[in-house]
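Participant:
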């Protein structure tokens with residue numbers, strides 16, 4: 001959200017940007033009348049007035065947020081998702097992928113990952129609570145379900161989850177990332193703030209159904225009960241329902257295929273390139 005606010009990448013509950021940023025609640029002691037958020041807001045206001053800028057957002061959610069900003073008044077805003085290389089991120093043999101990371105062949109595996117797992121915005125507490133609910137309702141899962149966690153401080157989850165945790169470090173190599181997605185049965189993203197998460201796109205491209213909260217652009221990517229599960233915001237119980245539904249779905253293969261098709265049809269590089277070409281043609285035709 002940074003282009004449409006004073007200084008915030010995520011404004012959370014604050015709506016100051018809809019009129020003018022000042023007294024920022026996220027600055028120490030609440031900022032002031034002419035704090036950094038105010039000064040940056042005014043600089044952007046001046047900059048945006050000097051050219052016919054056409055803004056592009058990667059989610060419909062962000063487009064709607066941007067349109068309410070005083071900075072974007074009278075500006076053109078288009079939604080074009082980010083693209084993904086579907087020649088790289090695609091389904092592969094699950095058992096071979098598991099063997100590369102020495103993961104068990106006989107368990108259902110949930111994937112949870114983040115650059116920093118302990119970041120509260122990533123919602124690890126909700127995943128932990130959901131897993132505890134699942135362990136209580138389905139004690140037999142304690143031996144048949146595992147959680148693959150990758151990212152900084154992923155080892156900390158071992159003592160917090162009722163299921164066996166397989167911690168992996170944060171991985172930068174894309175080919176290894178593809179292998180991780182293909183090694184699991186479900187990707188869990190309990191984030192409390194998101195735009196259009198790349199990890200959902202990557203997981204779905206590999207045919208991995210996802211469960212996430214109804215926040216930001218997540219419900220634009222996950223079609224509820226069609227290729228994944230959209231849980232009620234901040235509801236660990238519904239998040240647990242989503243995990244259970246995906247892992248016990250009799251038509252799991254079709255669920256997986258639908259996830260893959262969603263990405264191929266909406267986020268492939270050729271699809272997104274065409275959308276940008278259309279925007280450029282529209283702009284040059286209007287301002288030439």
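In full-length UniProt numbering, the protein residues as written are 1 to 288. Cβ atoms here follow ideal geometry from the backbone N, Cα and C, with glycine treated the same way. In this text the structure is predicted, and so the values were computed from the model without any measurement.
Residue 127 and residue 239: beta carbons closer than 9 Å?
Facilitator: yes
Participant: If you scan the segment 16-42 from start to end, which runs of the beta strand (DSSP E) of 3 or more residues do you find wholly inside it?
Facilitator: none
Participant: Can you tell which of 219, 112 and 58 has the C-alpha that lies nearest to the C-alpha of residue 82?
Facilitator: 58
Participant: What does the alpha-carbon distance come out to for the pair residue 297 and residue 89?
Facilitator: In the structure as shown, the chain starts at 1 and stops at 288, and residue 297 therefore has no counterpart that could be examined.
Participant: From the DSSP output, read off the bridge partner residues of residue 167.
Facilitator: 149
Participant: Tell me which residue opens and which closes the alpha helix (DSSP H) that residue 248 is part of.
Facilitator: 236-248 is the span of the alpha helix (DSSP H), which, as asked, contains residue 248.
Participant: Can the beta-carbon of residue 192 be found closer than 9 Å to that of residue 243?
Facilitator: Their beta carbons are not under 9 Å apart, which means residue 192 does not touch residue 243 by this criterion.
Participant: Exposed or buried, what is residue 326 when buried is set at 16 or more other beta-carbons lying within 10 Å of its beta-carbon?
Facilitator: The structure shown does not extend to residue 326, since the chain is modelled only from 1 through 288, so no value can be given for it.
Participant: Could you name the residues of the same chain whose beta carbon sits closer than 7 Å to that of residue 121, not counting the 5 residues immediately before and after it, in chain order?
Facilitator: 191, 192 and 193
Participant: May I ask which residues mark the beginning and end of the alpha helix (DSSP H) holding residue 218?
Facilitator: 218-221
Participant: Roughly how many angstroms separate the alpha carbons of residue 16 and residue 9, rounded to a whole number?
Facilitator: Computed Cα separation, rounded: 14 Å.
Participant: Got a sec? Which residues, its chain only, sit under 7 Å from residue 232 by beta carbon, not counting five neighbours each side?
Facilitator: A distance below 7 Å between beta-carbons, with the five flanking residues on each side excluded, links residue 232 to the following residues of its chain, in chain order: 214 and 238.
Participant: Grab the span of the beta strand (DSSP E) containing residue 210 for me, first residue to last.
Facilitator: 210-213
Participant: Quick check on residue 288: buried or exposed, where buried means 16 or more other Cβ atoms within 10 Å of its Cβ?
Facilitator: Only weak support exists for where residue 288 lies, its pLDDT of 45 falling under 50; the coordinates are left without a value.
Participant: Using the Cβ count rule (16 or more neighbours within 10 Å means buried), how would you classify residue 87?
Facilitator: exposed
Participant: Would residue 92 pass as a contact of residue 206 if the rule is Cβ separation under 9 Å?
Facilitator: yes
Participant: Pull up the distance between the alpha-carbon of residue 291 and that of residue 252, whole angstroms please.
Facilitator: Look at the range of the chain in this structure, 1 to 288, and you will see that residue 291 is not part of it.
Participant: On the DSSP bridge assignment, give the partners of residue 229 in chain order.
Facilitator: 211
Participant: Could you name the residues that DSSP lists as bridge partners for residue 101?
Facilitator: DSSP output for residue 101 lists no bridge partner at all.
Participant: Can you have a look at residue 376 and say buried or exposed, based on whether 16 or more other CB atoms are within 10 angstroms of its CB?
Facilitator: Residue coverage of the chain in this structure runs from 1 to 288, which leaves residue 376 outside it and unanswerable.
Participant: In three-state DSSP terms, what is residue 84?
Facilitator: strand
Participant: The beta strand (DSSP E) spanning residue 189 covers which residue range?
Facilitator: 186-189
Participant: Measuring straight from C-alpha to C-alpha, what distance separates residue 19 and residue 32?
Facilitator: 16 Å
Participant: For residue 229, count neighbouring Cβ atoms within 10 angstroms of its own Cβ and tell me buried if that reaches 16, exposed if not.
Facilitator: buried
Participant: If you compare alpha carbons, which of 50, 78 and 52 is closest to residue 61?
Facilitator: 78
Participant: With a cut-off of 8 Å on the beta carbons, I'd call residue 135 and residue 142 a contact; round off their distance for me.
Facilitator: For a cut-off of 8 Å, the C-beta gap from residue 135 to residue 142 is around 6 Å, short enough to register as a contact.
Participant: For the alpha helix (DSSP H) containing residue 175, list its first residue and its last residue.
Facilitator: 174-183
Participant: Please report how far the alpha carbon of residue 271 lies from the alpha carbon of residue 280, in whole angstroms.
Facilitator: Rounded to the nearest angstrom, the two C-alpha atoms are 15 Å apart.
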